[in-house]
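K.L.:
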Amino acid sequence: MKDEHRLLIALQDLDIMIKEVKDKATSKELEDLGFKLTGLSVLQEARTKLASAVPKTLLNRYEKLAEHYTVAILPVSGSRCLGCFVKLPTSFFSSASRVELQTCENCGRLLYIP
Ligand SMILES: [Zn+2]
């Protein structure tokens, strides 16, 4: 897997965490613990840093998908897309496909072979 893909996956992990912190129930909980704002700003700062390291075209693709899906980039498992569970064609598993990110033709999510 390419470094830029690893970065993108890390970025998505951060986005999911940020979403959770922003979630009302979680925010209330964190507020009670006294570190809601600092926690969120640290996450957002890390997100900005990480986003600047991801190639722009890849970042744009991800962000468009992230508007629709919580998980926009995910691994292939058992020759299925873990987003929509459609079975993927064998061309997905050629040697070139193991390096590049693939797009699920059914749901459009970005897929990688772990
Ligand atoms: Zn899919």
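Each step along the sequence shown adds one to the number in the working numbering, with nothing skipped, and position 48 is 52. Note that CB positions come from ideal geometry on N, CA and C, so glycine has one too.
Distance, Cα to Cα, residue 55 vs residue 111?
P.N.:
Taking the sequence shown and counting its residues from 1, one reaches residue 55 at position 51. Taking the sequence shown and counting its residues from 1, one reaches residue 111 at position 107. Rounded to whole angstroms, residue 55 to residue 111 spans 24 Å at the Cα level.
K.L.:
Can we count residue 75 as close to ligand 1, meaning its CB is less than 6 Å from some heavy atom?
P.N.:
Here residue 75 is taken as the residue at index 71 of the sequence shown, counted from 1. Residue 75: no, Cβ never under 6 Å from ligand 1.
K.L.:
Collect the residues with a C-beta less than 6 Å away from any heavy atom of ligand 1 and give them in sequence order along the chain.
P.N.:
Residues with a Cβ closer than 6 Å to any heavy atom of ligand 1, in chain order: 85, 87, 88, 90, 108, 110, 111, 113.
K.L.:
Distance check for residue 35 and residue 101, CA to CA, integer angstroms please.
P.N.:
As a first step, residue 101 is located in the sequence shown; it is residue number 97 there, counting from the start. As a first step, residue 35 is located in the sequence shown; it is residue number 31 there, counting from the start. Each residue's alpha carbon lies about 45 Å from the other.
K.L.:
Given a threshold of 16 other Cβ atoms within 10 Å of its Cβ, counted over all protein chains shown, does residue 12 qualify as buried or as exposed?
P.N.:
Translated into the one-based positions of the sequence shown, residue 12 becomes position 8. By the neighbour-count rule (16 or more Cβ atoms within 10 Å), residue 12 is buried.
K.L.:
Shorter than 7 Å from the beta carbon of residue 48 to some beta carbon of chain C?
P.N.:
This model lacks chain C altogether; it includes just one protein chain.
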